[in-house]
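Colleague: Start counting the sequence shown at 421; every next residue gets the next number (this note's numbering). Positions of the beta carbon are idealized from the N, C-alpha and C atoms, including for glycine. Here the structure is a predicted model, which is why all the values come from computation and not from measurement.
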Amino acid sequence: MSALDSFPNPCPERHYRIEMECPEFTCLCPKTGQPDFAVIRISYVPDRLCVELKSLKLYLWGFRDHGGFHEAVTNRILDDLVAAIAPRSLRVVGDFNVRGGIRTQVIVQYPNPEGGPEVAGG
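1. Restricting to Cα atoms, I'd like to know which of E433, C442, V502 and E534 is closest to V513.
2. Could you name the residues that DSSP lists as bridge partners for S426?
3. What are the partner residues of F459, as DSSP defines its beta bridges?
4. For F445, which three-state DSSP category applies?
5. Less than 6 Å between C-beta atoms, sequence neighbours within five positions excluded: which residues of the same chain meet that for T446?
6. Can you give me the start and stop residues for the beta strand (DSSP E) that T524 sits inside?
7. Would you say V493 lies against chain C (beta-carbon separation less than 8 Å)?
8. Would you mind reading off the limits of the alpha helix (DSSP H) that contains A506?
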């Protein structure tokens with residue numbers, strides 16, 4: 421996986437939300453080795469750092485050769501972003517294409533709200 425780079429938040433005194441979408445995300449099914457396609461949506465309120473977009477793109481493209489269940493992949497993206505930029509809050513949605521007649525959407529948040537994401541409007 422490529423490293424996630426950051427830059428100083430130009431307005432750290434203000435709480436504002438940054439939303440990004442990667443509509444061409446792919447990873448590999450750990451059972452079959454077949455590609456899984458998804459839209460990854462990232463929404464965060466920065467603290468001192470913001471994620472640099474080119475590094476985010478290269479990081480997400482790094483999953484193309486990575487086998488992982490949808491749940492594991494989405495949680496790893498959240499964990500890696502938290503480690504890289506320490507945001508005030510962060511939400512990652514992995515909206516995976518239909519496989520076997522079932523569409524999967526994994527929603528993870530930081531900090532983890534009491535009772536899980538559904539309590540926080542997920």
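Modeller: Taking the definition as stated:
1. Comparing Cα-Cα distances from V513 to each of E433, C442, V502 and E534, the minimum goes to C442.
2. V471
3. Here residue 459 turns out to be Val, not Phe, going by the sequence shown. In DSSP, V459 forms a bridge with D515.
4. strand
5. The beta carbon of T446 sits closer than 6 Å to the beta carbons of P455, F457 and R484 from its chain, once the five residues preceding and following it are set aside; these are given in chain order.
6. I522 to Y530
7. The displayed structure is made up of one protein chain only, and chain C is not part of it.
8. Per DSSP, A506 lies in no alpha helix (DSSP H) segment and is marked neither H nor E.
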